[in-house]
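Heads up, the sequence shown is in the working numbering, so the first residue is 215 and it goes up one at a time. To keep things clear, I will list the structure first and then write my remarks on it.
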Amino acid sequence: MVDCDVIIVGGGPAGSTAARRASQAGLSVVLFDKARFPRYKPCAGGIRFDVDSLLDFDIKSIGQRKISGATMFAPSGFRVDCILEDRSVPGSIIKREDFDHLLLKKAAEAGAEIREDTQIAKAREEESHVVVTTKEGEEVTGMYLVGADGINSIVAKSLGFYDGWQGDSAMVAIEVEAEVGSTTVREICGEPSGYDADLLLLYFGGLSHGYAWCFPKRTVLSLGACCRQDRGGELRPAYEKWYSAFKDEYGIEPQILSDTAARFPIKRAKNIVKGRTILVGDAAGLVDAFTGEGIPEAIESGILASSALNKAVKEANPRSLREYEKDCKREIISELNAMEFMANMFYKSRKNMETMCRFFRDDSHANFLIAAGIGGLVTKKALRRKMMLRMVRKRPREAISLLI
Ligand SMILES: Cc1cc2nc3c(=O)[nH]c(=O)nc-3n(C[C@H](O)[C@H](O)[C@H](O)COP(=O)(O)OP(=O)(O)OC[C@H]3O[C@@H](n4cnc5c(N)ncnc54)[C@H](O)[C@@H]3O)c2cc1C
Numbered sequence: 215m216v217d218c219d220v221i222i223v224g225g226g227p228a229g230s231t232a233a234r235r236a237s238q239a240g241l242s243v244v245l246f247d248k249a250r251f252p253r254y255k256p257c258a259g260g261i262r263f264d265v266d267s268l269l270d271f272d273i274k275s276i277g278q279r280k281i282s283g284a285t286m287f288a289p290s291g292f293r294v295d296c297i298l299e300d301r302s303v304p305g306s307i308i309k310r311e312d313f314d315h316l317l318l319k320k321a322a323e324a325g326a327e328i329r330e331d332t333q334i335a336k337a338r339e340e341e342s343h344v345v346v347t348t349k350e351g352e353e354v355t356g357m358y359l360v361g362a363d364g365i366n367s368i369v370a371k372s373l374g375f376y377d378g379w380q381g382d383s384a385m386v387a388i389e390v391e392a393e394v395g396s397t398t399v400r401e402i403c404g405e406p407s408g409y410d411a412d413l414l415l416l417y418f419g420g421l422s423h424g425y426a427w428c429f430p431k432r433t434v435l436s437l438g439a440c441c442r443q444d445r446g447g448e449l450r451p452a453y454e455k456w457y458s459a460f461k462d463e464y465g466i467e468p469q470i471l472s473d474t475a476a477r478f479p480i481k482r483a484k485n486i487v488k489g490r491t492i493l494v495g496d497a498a499g500l501v502d503a504f505t506g507e508g509i510p511e512a513i514e515s516g517i518l519a520s521s522a523l524n525k526a527v528k529e530a531n532p533r534s535l536r537e538y539e540k541d542c543k544r545e546i547i548s549e550l551n552a553m554e555f556m557a558n559m560f561y562k563s564r565k566n567m568e569t570m571c572r573f574f575r576d577d578s579h580a581n582f583l584i585a586a587g588i589g590g591l592v593t594k595k596a597l598r599r600k601m602m603l604r605m606v607r608k609r610p611r612e613a614i615s616l617l618i
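Given below as structure tokens:
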């Protein structure tokens, strides 16, 4: 006899989505999170419009701002607005305190047992079940286990999926919440056309593989910078330099509400299924290496995981979990591989960042493609293919120079 069908470690978007969907399918689910919700999570909070369609409930009530596109600042300083003409499908900005709390409440509403403030110290598999041990030494057993515990996944480490995310496999980030008031947020991030939506600002060139950002929340700016972990020494000085120039440009002296550092993976875990265990979200390395976006992928992997878990429970066959691996490769990993290609090319050098920003500025179709890609209107694979084809046709010499 086990305590439940599925144990989920981690109540971020990946874990709470898997918990809700598995509970809706009739499985008994226990979800552990070391935090008490609402909890702070360093995140810029940008979500594409299609996140709405992945969820089976409304998230409009917690939206902070409507987003109609992104503005890129090239290494030499020129500005490129990437805004879709069709503004009927905007993205939005959320605060993770609100968003993750809502998703967790929805998992509880569907029947999952949520155990907050409970850290899992280790996990193991027996032949017929899984066991997790809390920091306090309590053991809980289940038929299957989901590692939704983020980049430092204790589930993945305990069960030998990997030791950690080394060198170029992760990004390090600084995220600062700066209170400036809603009028200033609008002045800095509002659409220049006056249309009632805001833009995500991305600044390239200050970091050799990364960028700085300014994302608009209701009265607060999420300011930050990220770069590849193996170049982490650059991060703080580059952020300070950028922040000082940013403040000078807008003549502001924000009140800093938080200043945190965090990491996110940019490569996929070699294995995402082993025996009776599945990895989802950041624990599986499902983050876009070009944009740093991982919320949609976390939710989507939670959905795919729940359907494989349902099959495994109903058929009493752990091998059914392999379906998750297949689905995830087809739906998520192939998309992320396309963005890894784009990221490696774009961030390869300041020259490449400059060349591509110029192309996005001067070629209207390239501008449309990047806006549609970031907004989620075209698949990431289509974005890579169409962007490369366009570049080869319009700027063949530059296209070659990007790749060598
Ligand atoms: C600075 C920064 C900015 C970002 N900005 C964006 C953005 O704008 N848009 C976007 O789409 N993505 C963004 N991301 C990426 C995004 O935050 C992640 O991809 C997403 O949170 C992954 O969700 P998850 O559920 O897999 O993991 P998480 O959200 O990390 O959740 C993991 C959960 O597991 C819990 N946990 C961990 N260990 C244990 C344990 N041992 N026992 C119990 N519980 C445990 C944690 O408390 C946490 O609640 C950003 C990331 C960073 C670092």
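C-beta: ideal position from N, C-alpha, C; glycine also.
For V501, three-class secondary structure by DSSP: Coil.
Should E463 be listed as close to ligand 1, given that the test is whether its C-beta is under 7 Å from any heavy atom? no
Measure how close the beta-carbons of A258 and V360 come, nearest whole angstrom, since I'm counting them as under 8 Å. Not a contact, Cβ separation roughly 26 Å.
Residue from F271, G364, V346 and E311 with nearest C-alpha to G229: When only C-alpha atoms are compared, the closest one is G364.
In terms of alpha-carbon separation, which member of A362, R572, P468 and L414 lies closest to V487? A362
Terminal residues of the continuous beta strand (DSSP E) containing D412? D412 to F418
Identify whether R279 lies in helix, strand or coil by the three-state DSSP scheme. Strand.
Is Q333 near ligand 1, in the sense that its beta carbon is under 7 Å from a heavy atom of that ligand? yes
By the 10 Å Cβ neighbour count, where 16 or more other Cβ atoms means buried, how is H579 classified, buried or exposed? By the 10 Å Cβ count, H579 comes out exposed.
What does the Cβ neighbour count give for E341, buried or exposed, with the cut at 16 atoms within 10 Å? exposed
Taking 7 Å as the limit between beta carbons, can you name the residues of its chain near T593, skipping five residues before and five after? These residues qualify, in order along the chain: E549.
Whole angstroms is fine: what's the gap from D247's alpha carbon to L616's? Each residue's alpha carbon lies about 44 Å from the other.
Give the secondary structure of F271 by DSSP, where H, G and I count as helix, E and B as strand, and everything else as coil. In the three-state DSSP reduction, F271 falls in the coil class, being neither helix nor strand.
Should G465 and V494 be called a contact, given that it needs their Cβ atoms to be closer than 8 Å? no
Based on the DSSP output, what are the partners of M425 in its beta bridges? Just to set this straight, residue 425 is Tyr in the shown sequence, not Met. Partner(s): F418 and C440.
For P479 and M215, I'd like the C-alpha separation in whole angstroms. 37 Å
What are the complete alpha helix (DSSP H) segments, minimum 4 residues, inside the stretch 475-555? 509-529 and 536-542
CA-to-CA distance, E529 to F388, given in whole angstroms: Sequence check: residue 388 is Ile here, not Phe. So the two alpha carbons sit approximately 45 Å from each other.
On a Cα-Cα basis, can you pick out the residue from R482, R575, K565 and I618 that is closest to M553? Nearest of R482, R575, K565 and I618 to M553, Cα basis: R482.
Should R533 be labelled buried (16 or more other beta-carbon atoms within 10 Å of its own) or exposed? exposed
Taking the beta strand (DSSP E) that D295 falls in, what are its first and last residues? R293 to I297
Enclosing beta strand (DSSP E) for D219 [first to last residue]: C218 to V223
Can you list, in chain order, the residues of its chain with a C-beta nearer than 7 Å to that of K525? Leave out the 5 residues immediately preceding and following it. S534 and E537
Please name the residue in L523, D473 and I618 whose C-alpha comes closest to that of T491. L523
Answer yes or no: the CB of V220 versus the heavy atoms of ligand 1, is any distance below 7 Å? no
Close beta carbons around S472, own chain, < 6 Å, minus the five adjacent residues each side: E391
Residues of its chain near V527, where Cβ-Cβ distance is below 8 Å and the 5 sequence neighbours each way are ignored: D219, V220, L241, M357 and Y358
Contact between the stretch 404-417 and the stretch 295-306 (3+ Cβ pairs under 8 Å): With contact defined as three or more Cβ pairs closer than 8 Å, the stretch 404-417 and the stretch 295-306 are in contact.
Locate the beta strand (DSSP E) running through E339, then write down its first and last residues. I334 to E339
Check the DSSP bridge columns for Q380 and list the partner residues they point to. According to DSSP, which records beta bridges pairwise, Q380 is partnered with nothing at all.
With a CB to CB cut of under 7 Å and the five nearest residues on each side skipped, what residues in its chain are close to E514? L268, E545 and I546
Span of the alpha helix (DSSP H), counted from its first residue to its last, around T569: That run of the alpha helix (DSSP H) goes R564 to D576.
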